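Student:
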Amino acid sequence: MPAMPEHTPSPSSADVLIVGAGPAGLALGAALSDIGLSCLLLEQQPRAALEDPAEDGREIALTHRARAVMEQLGLWSRLDAADIAPLNQARVVDGSSPLVLHFGQDRAARTGEPLGWLVPNHLIRRAAWQAAVLRPGVQVLTDARVTAIERDPQAAHVTLADGRRLSARLLVAADSRFSSTRRMAGIGAAMHDFGRSVVVGRVQHTQPHGGVAWECFRYGNTLALLPMNNDQSSAVVTVGADRVAEWLALSDGEFAARIQAQSDGRLGSLQAVGPRHHYPLVGVYAQRFVAPRFALIGDAAVGMHPVTAHGWNFGLYGVEVLARELAANRQRGADPGDLAPLMRYESEHRRTTLPVWAGTNAIVTLFTDERTVPRLARRAVLALAEHAPGLSQLVKAGIERQLTGRAGAATRA
Ligand SMILES: Cc1cc2nc3c(=O)[nH]c(=O)nc-3n(C[C@H](O)[C@H](O)[C@H](O)COP(=O)(O)OP(=O)(O)OC[C@H]3O[C@@H](n4cnc5c(N)ncnc54)[C@H](O)[C@@H]3O)c2cc1C
0 MPAMPEHTPS PSSADVLIVG AGPAGLALGA ALSDIGLSCL LLEQQPRAAL
50 EDPAEDGREI ALTHRARAVM EQLGLWSRLD AADIAPLNQA RVVDGSSPLV
100 LHFGQDRAAR TGEPLGWLVP NHLIRRAAWQ AAVLRPGVQV LTDARVTAIE
150 RDPQAAHVTL ADGRRLSARL LVAADSRFSS TRRMAGIGAA MHDFGRSVVV
200 GRVQHTQPHG GVAWECFRYG NTLALLPMNN DQSSAVVTVG ADRVAEWLAL
250 SDGEFAARIQ AQSDGRLGSL QAVGPRHHYP LVGVYAQRFV APRFALIGDA
300 AVGMHPVTAH GWNFGLYGVE VLARELAANR QRGADPGDLA PLMRYESEHR
350 RTTLPVWAGT NAIVTLFTDE RTVPRLARRA VLALAEHAPG LSQLVKAGIE
400 RQLTGRAGAA TRA
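Below, the structure written as structure tokens:
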């Protein structure tokens, strides 16, 4: 790939310092540049890891709202159409129960559009990098680990591991769910450690998936199958953290055989494709998203359990809202570090994310508890959600709004 034109860091003059050039930090950099604020991103990884990120096994389900933000920021047009898979329906099954809970069953016929789309995470990261570094207002300093921060009434200051000190009027932490910058700012976070991990790997299958995502709550582990292009699916297995090594050590044939058995052969005969990856499952919710001259964005604000596929979607919603508030503030000629627009961002982003974060944790806890009473409870929940007159439509419509990102649209209008 030819070298891309970009802007060499001259680290003293930016309006905003962003810690972390993951997808959230890069998207925020692009959005702030578009409203006329200059940004300097500080990233501990080397440049090559950002320019051409390695495949990481995460297949990201995107909502309609997330796609719209990606289009606006020029990320979507940088994705190859062949790498975007439509997500038409989602189905949930529990244990050996024949009951299936359906979402989006007749959606394509009703609306002509899918529930959402699936795109590999490393391609989103690459698109975010390309879109950010071409903007005149964005500079990126790589191999730059932030080790300390300070704030005073005039500015926020960071110190890098090599001793350099940088300042700006606003500091934004986009440095992952285990954000050390959040901690250095004195902001705590609720952490829900599920004691489990996901092992992810692709499988090729002989039967078409029809764009259907399956969530199979089995006893001992949970399996999600996410539809990708070319008759492939991403298998996402949730296992006790003590069983990760066992799942990673399986041969390709053993892995495919386990997935085939746990999915009841729905996709025909399976073959494993490519490497497997694993991630610990810890949900994180920051106690505050902002402080004077300081804000959190992306997973540093809200780190979701992946089962409801909302982490990056929420990251983009946060970027949209924070950029909108800072744009209005800038039009008034005010300081970008002012607390009032930051508080408005916090309030809206909390309203959008907190119910889903708490609801996701409750669902995961109920659906992975193997004792008899929770098993009976979740069968009752599935039966009611699928069949109870009135309630079924209400629950499904609500969950469909969340899956498409259209919940709370009225408050954003
Ligand atoms: C298995 C799995 C499946 C998922 N599926 C979905 C899905 O379907 N839909 C969805 O919306 N989301 C999904 N997600 C969530 C999504 O991947 C994350 O929300 C998103 O990648 C977070 O981006 P981020 O930029 O906030 O953080 P990160 O990607 O973690 O980036 C943080 C960056 O900060 C840098 N950094 C950290 N500390 C410092 C420091 N001190 N100094 C400088 N730099 C620093 C890091 O090097 C890194 O580059 C999934 C996650 C997993 C694990």
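The sequence shown maps to residues 0 to 412 in numbering that gives the first Met the number 0.
By construction, the Cβ of each residue, glycine as well, lies at the ideal position given by its N, Cα and C atoms.
Since the structure is predicted, the reported quantities are computational estimates derived from the model, not experimental observations.
#1: Below 7 Å, is the gap between the Cβ of Asp14 and the nearest heavy atom of ligand 1?
#2: Which residue wins for smallest C-alpha separation from Val197, given the options Val238, Gly111, Pro45?
#3: Nearest to Ala339 by CA position, among Ala308, Ser233, Ala290, His304, is which residue?
#4: Relative to the alpha-carbon of Thr110, which residue among Val145, His63, Trp128 has its alpha-carbon at the smallest distance?
#5: Hey, is the stretch 256 to 274 in contact with the stretch 335 to 349, meaning 3+ C-beta pairs nearer than 8 Å?
#6: Roughly how many angstroms separate the alpha carbons of Ala60 and Gly115, rounded to a whole number?
#7: Could you name the residues of the same chain whose beta carbon sits closer than 7 Å to that of Val439, not counting the 5 residues immediately before and after it, in chain order?
#8: Pair every Cβ in the stretch 150 to 168 with every Cβ in the stretch 229 to 246, then say whether three or more of these pairs are closer than 8 Å.
#9: Can you give, in chain order, each stretch of the beta strand (DSSP E) that sits fully within the stretch 108 to 146 and has at least 3 residues?
#10: Determine the direct distance from the alpha carbon of Leu169 to that of Gln43, and round the result to whole angstroms.
#11: Give the DSSP bridge partners of His204, in chain order.
#12: Going by other Cβ atoms of all chains shown within 10 Å of its Cβ, with 16 needed for buried, is Thr205 buried or exposed?
#13: Please list the segments of the alpha helix (DSSP H) lying wholly inside the stretch 31 to 101, counting only runs of 4 or more residues, in order along the chain.
#14: How is the beta strand (DSSP E) around Gly239 delimited, first residue to last?
#15: Under a CB-based cut-off of 8 Å, is Val211 close to chain B?
#16: Do you know offhand how far Ser32's Cα is from Ala13's?
#17: Should Gly453 be labelled buried (16 or more other beta-carbon atoms within 10 Å of its own) or exposed?
Tutor: A quick look at the data gives this:
#1: no
#2: Val238
#3: Nearest of Ala308, Ser233, Ala290, His304 to Ala339, Cα basis: Ala290.
#4: His63
#5: No, the stretch 256 to 274 does not touch the stretch 335 to 349.
#6: 7 Å
#7: There is no way to answer for residue 439, as the model of the chain reaches only from 0 to 412.
#8: no
#9: 115 to 119, 137 to 140
#10: 20 Å
#11: Leu269
#12: exposed
#13: 46 to 50, 63 to 71
#14: 231 to 239
#15: Protein chain content of the structure displayed is limited to a single chain, and chain B is not contained in it.
#16: 11 Å
#17: With the chain covering 0 to 412 only, the question about residue 453 has no answer from this structure.
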